[in-house]
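**Student:** Before we start, here is the structure in question, set down as structure tokens.
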Amino acid sequence: MFAHLIVLIGKTGVGKSTTGNTILGRHEFQSKTSMKSVTKTCQRETGDAYKINRRVTVTDTPAFFSTANIDLNVELKRGLNLCSPGIYTILLVFPLHTFTQQDTDTVLLFKQMFGENVMKHTLVLFTHGDELQHKSVDQLITRNAELSKLTEECGGRFHLLNNKDLNDRQQVTKLLMKIQRMVSENDNSCYTLQMFETQSLKVFLNEGLFDVKTFLYGCAGGVLSAVTGAVCTQMYNNQRWRIRRFTEDHLKYVRLWGIMCGCAAGMITGGFVGPAGSSATLLRGILGGVGVPVFWSLYNKILE
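If you read the sequence shown in the working numbering, its first letter stands for residue 1, the second for the next number, and so on.
In structure tokens, the structure reads:
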């Protein structure tokens with residue numbers, strides 16, 4: 001029974017909902033030819049497939065890259081909840097003849113959201129079978145590198161449907177046989193909600209990790225700069241009377257001392273921010289070491 005628990009995935013306008021109606025043999029899912037997504041929430045329909053006498057459950061999902069204001073991640077989680085204990089079959093739907101950049105992006109987003117493991121539960125489904133015109137689906141696939149790669153990742157599984165002919169039940173029977181074979185090869189295992197949530201967490205951590213590191217490095221650099229500045233200020237205040245006695249001959253030693261302090265601060269910061277960040281910090285230290293004595297020399301000349 002679980003072999004025929006089917007979830008439809010695809011972008012706007014590929015005929016997902018119509019595919020669900022074709023499988024069931026009746027109009028259960030709202031569908032129309034449009035560039036705007038009709039399906040805004042997950043919808044599940046169960047019944048005996050027309051003229052096939054097999055129990056089939058089909059779940060339609062909101063389209064990828066939909067123009068509607070839909071939280072796709074939330075809706076897909078809700079759809080997985082509808083498919084207890086999990087998904088045995090995902091039909092990744094594409095139109096025949098065309099495979100655009102957005103179709104490629106759909107595949108990438110699909111794998112990003114579900115994880116690579118989902119591919120063993122996936123079958124590529126082509127719609128608009130009425131437009132084949134005596135050509136071979138295999139030929140269309142082999143002529144497109146992205147399609148060839150996709151079907152290979154899905155174990156060579158694909159099927160063609162003519163959604164304009166609900167009475168052609170043989171095409172649905174063949175599809176269900178392919179699904180049954182795939183489920184058997186997977187030892188009746190399924191893709192679960194827990195797998196989806198684990199993948200969502202993985203994506204979140206990977207995307208947020210760089211921002212967290214940048215924030216922490218910035219904080220460390222800011223604190224170190226503030227401490228260095230405070231220490232240098234205190235040292236200057238303590239030694240101010242001696243600095244006034246320095247002549248131009250002694251000023252070069254002050255510059256050298258400042259550069260050494262700046263370099264030291266740069267190397268310490270390098271331990272926190274890495275090579276790229278330490279180079280910039282070291283340069284700022286050198287400029288600061290040179291600039292502070294020069295500024296102080298000019299200030300003394302003005303006072304004179």
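For glycine and all other residues, C-beta sits at the position ideal for the given N, C-alpha and C. Computed from a predicted structure; not experimentally measured.
1. Would you say Arg78 and Leu123 are within 9 Å of each other, going by their C-beta atoms?
2. Using the DSSP secondary-structure output, state which residues sit across from Tyr88 in a beta bridge.
3. Looking at Met195: is its Cβ nearer than 9 Å to the Cβ of Phe114?
4. So what does Asp130 bridge to, in DSSP terms?
5. Measuring CA to CA, which of Asn81, Ser84, Lys111 is closest to Leu92?
6. Enumerate, from N- to C-terminal direction, the unbroken beta strand (DSSP E) stretches of 3 or more residues contained entirely within the stretch 136-162.
7. Give the straight-line distance between the Cα atoms of Leu283 and Cys154, rounded to the nearest whole angstrom.
8. CA-CA distance, Lys149 and Ala68?
9. Between Pro95 and the rest of its own chain, which residues show a CB-CB distance below 6 Å, the 5 nearest in sequence each way excluded?
10. Run through DSSP, which three-state label would Gly10 get?
11. Roughly how many angstroms separate the alpha carbons of Asp130 and Ile52, rounded to a whole number?
12. Inspect the beta-carbon positions of Thr46 and Leu8 and report whether they are closer than 9 Å.
13. Thinking C-alpha only, which one of Ala49, Tyr50, Thr57 is nearest Gln43?
14. Under 8 Å by Cβ, that's how I've got Thr192 and Gly86 pegged, so tell me the actual separation to the nearest angstrom.
15. Confirm, please, whether the CB-CB distance from Ile179 to Tyr50 is below 9 Å.
16. How far does the alpha helix (DSSP H) with Gly79 in it extend, from its first residue to its last?
17. Please classify Asp48 as buried or exposed, where buried requires at least 16 other C-beta atoms within 10 Å of its C-beta.
18. With a threshold of 16 other CB atoms inside 10 Å of the CB of Phe204, please say whether the residue is buried or exposed.
19. Taking the straight line between their C-alpha atoms, what separation do you get for Ser66 and Leu76?
20. The beta strand (DSSP E) spanning Thr57 covers which residue range?
21. Hey, how far is the Cα of Asn206 from the Cα of Gln199?
22. With a threshold of 8 Å on Cβ separation, who are the neighbours of Glu197 within its own chain once the five nearest residues in sequence on each side are excluded?
23. Excluding the five sequence neighbours on either side, which residues of its own chain have a C-beta within less than 8 Å of the C-beta of Leu82, listed in chain order?
24. For Ala276, which residues in the same chain have their Cβ closer than 7 Å to its Cβ, ignoring the five residues on either side in sequence?
25. Do you know offhand how far Ile141's Cα is from Asn188's?
**Tutor:** Well, looking at it:
1. Taking 9 Å as the cut-off, the Cβ atoms of Arg78 and Leu123 do not count as close.
2. Its beta-bridge partners do not exist; DSSP assigns none.
3. Their beta carbons are under 9 Å apart, which means Met195 touches Phe114 by this criterion.
4. Partner(s): none; Asp130 has no beta bridge.
5. Per the C-alpha coordinates, the member of Asn81, Ser84, Lys111 positioned closest to Leu92 is Lys111.
6. Entirely contained in the stretch 136-162, the beta strand (DSSP E) runs reaching 3 residues are, in chain order, 158-160.
7. Confidence at Leu283 is low in this model, with a pLDDT of 48, below 50, so the placement of that residue should be treated as unreliable; the coordinate-derived value is given next. The straight-line gap from Cα to Cα measures roughly 53 Å.
8. Between Lys149 and Ala68, the C-alpha separation is close to 30 Å.
9. So the qualifying residues of the chain are Val14, Thr127, His128.
10. Coil.
11. The alpha-carbon of Asp130 is positioned some 21 Å away from that of Ile52.
12. In this structure, Leu8 does not lie closer than 9 Å to Thr46 by Cβ.
13. Residue nearest to Gln43 within the set Ala49, Tyr50, Thr57 is Thr57 (criterion: CA-CA distance).
14. Correct: roughly 4 Å between the Cβ atoms.
15. Ile179 is positioned such that its CB atom lies no closer than 9 Å to that of Tyr50.
16. Per DSSP, Gly79 belongs to the alpha helix (DSSP H) from 72-82.
17. Under this definition Asp48 is an exposed residue.
18. Its Cβ having fewer than 16 others within 10 Å, Phe204 is exposed.
19. Rounded to whole angstroms, Ser66 to Leu76 spans 14 Å at the Cα level.
20. That run of the beta strand (DSSP E) goes 55-60.
21. For Asn206 and Gln199, the distance between alpha carbons rounds to 11 Å.
22. Result list for Glu197: Lys77, in chain order.
23. Beyond the five residues adjoining it in sequence on each side, Leu82 comes within less than 8 Å, by CB distance, of Cys42, Arg44, Thr59 in the same chain, given in chain order.
24. The predicted model places Ala276 with a pLDDT of 47, which falls under 50 and marks its position as unreliable, so this point remains unresolved.
25. Rounded to whole angstroms, Ile141 to Asn188 spans 28 Å at the Cα level.
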